[in-house]
Structures are given as C-alpha cells and as structure tokens.
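S.K.:
Residue numbers (mature numbering (1 follows the signal peptide of the UniProt record, and there is no 0)): -20 to -1, 1 to 268.
(1) Between the stretch 177 to 185 and the stretch 218 to 235, are three or more C-beta pairs nearer than 8 Å?
(2) Using a Cβ distance threshold of 8 Å, determine whether the stretch 113 to 121 contacts the stretch 186 to 197, with at least three qualifying pairs required.
(3) Quick one: is residue 145 buried, meaning 16 or more other Cβ sit within 10 Å of its Cβ, or exposed?
(4) Using 8 Å as the threshold, is the stretch 96 to 105 in touch with the stretch 156 to 166, meaning 3 or more CB pairs across them?
(5) Compute the Euclidean distance between the alpha carbons of residue 97 and residue 136, then round it to the nearest angstrom.
(6) Alpha carbons only, please: which of 139, 239, 126 and 247 is nearest the one belonging to residue -18?
(7) Grab me the residues of residue 235's own chain with a C-beta within less than 6 Å of its C-beta, minus the 5 sequence neighbours each way, in chain order.
(8) Where do the ends of the alpha helix (DSSP H) carrying residue -1 lie?
(9) Contact defined as beta carbons within less than 8 Å: I believe residue 150 pairs with residue 198. What is the distance between those atoms, to the nearest angstrom?
(10) Where DSSP assigns a beta bridge to residue 116, which residues make up the other side?
(11) Using only the alpha-carbon positions, how far apart do residue 133 and residue 218 sit?
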C-alpha cells in the first residue's frame, strides 16, 4: 500500500454500511455522513485492519462495530434461541459474498502480496511489457530501475490505480502473481511480447463460466448461459449479476484456491493465452 485512494475508501465505508444495515446506497451515504467522529474512526480502523467485522444498529443514529472473532466467541458462550438461529443463518448468507467483499476492500486499499513489485520486475525481464487498462509497463523499466526501487513500485501502482473497479484491480493483481510464478519457475526462457493482463482475466472468467455450465453452478443463473459470448447482459448493457468490467460476480466471489478457485482459472488462462508455452507435453509448474 504505497498510496491511499481516499475516494474509494469512503465508497467502501458506505458499501459496508449498506451491506450491514441492509439499505440502499443513498441511505447508507446519509448514515455515513451522520456518524460521530468516534464511530467514523472505529469504522475506518476496522476497514484498514483487514479483519472481518459486522455493524449493528444499537439505537437511532448509533452503530456498534464488532469484529467477527469476538462475535463468534460471545455466541459460543450463550444458549442459542430462535432469534440467534436466524442471525446465524444471516451470517452464512453473508459468507456468500465474502470474497467479493474482500477483493473490494483490498482493491480500494491498494493491498498487494509481499514482494509483489519486485516479482513484477522479474516478469518484465522475461517479456516486452505488461499492458494494463491500455497502459503499458515497458521492459526498459528493468534497465532504468532496480527491482526494489520505490520509483518502480510507484510506476506499477500508478498503472494498477487506473482501474476504477477495486475488485477488478485485485483480479489483475492475482493474474500478475500467476505470471510471476511462471517467471520464477522458469517454465519458458521468455514470456513473449507485450502481455495484456486484462485479457488473461477475461479468459479466466470464460473458463470459469464454461465449468459452471458443466456442473450447473450458481453462475448459470446469470452469466453462464449458452450465448455466443458466454455472458448475459441486461437491457442497459451491463451484466445481470452486476459484475464489474464484464466479469461474473460469482467469479469475483470465488476463493483464490481450490478446483474452482480464481488462481486455478488464471493459471489455465496464462497457460493457454501465452504463445511461449508448448502446446503439447508437460510443464513443471507447482503453485503453492
């Protein structure tokens, strides 16, 4: 996190209020503006901490923010009645959008994995450039800057910040991590020309939708349909599920690991999308 995008953080705060209080965006914005300085500081602290939390309405105009860990502990020490069973069912419903929410938070806060920028530098050594949102990180940056240089990290973050949707930005970060693994495990001497990272993300989304069709997954209710482009749009041109950048919302809400995880599909997209990989034979590449 080198830069803070204050506008996106405020947007995330309003989204968290809307999710927890089950209200619309306009009403959530009004609640946000009416928070006391202490409540505002408490909400911001929980968002920046990266821990799971919930917001409860205590009284008119007053809110209580508690971490999910302390909430679970208190629940275990009590006898569960009918109203608590209902709240537990609501908790399981919240888990349905857990990864989408986490990606939105991480994208808004510009969070990246450890040693991310130096590993992107390694990728640039093996290709002619990385194209992200019509902006190109050229290979010659590796000749002008070192892998651990702050200026290089700022160059990468500037390109990533050109993506307006925070959850989409995080998928691009995940795609870059797959490319770093390909570079580090030396699966090919070169990764080819300029790599369009967003094309890899959309290819991964298409692979995900095809698998959803085969197993009749949740995405069959929206994007995974037998259309020529594999997607389903509403009258205004957006996806029915509301996914940002024409990526299915169920893909955003998938965990990174697992058979149907985002990293699995991104790895398949990289393997099939880059011409440097052999079409036949095995590739020694393990992902941890």
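The beta-carbon is built from N, C-alpha and C at its ideal position, and this holds for glycine as well.
M.R.: From the atom records:
(1) These segments touch.
(2) No contact exists between the stretch 113 to 121 and the stretch 186 to 197.
(3) Buried: at least 16 other Cβ atoms inside 10 Å.
(4) yes
(5) 7 Å
(6) When each option's Cα is compared against that of residue -18, the closest is 139.
(7) 79 and 241
(8) -15 to 1
(9) Between residue 198 and residue 150 the Cβ distance is about 20 Å, and since that is not below 8 Å, they are no contact.
(10) 111
(11) 33 Å
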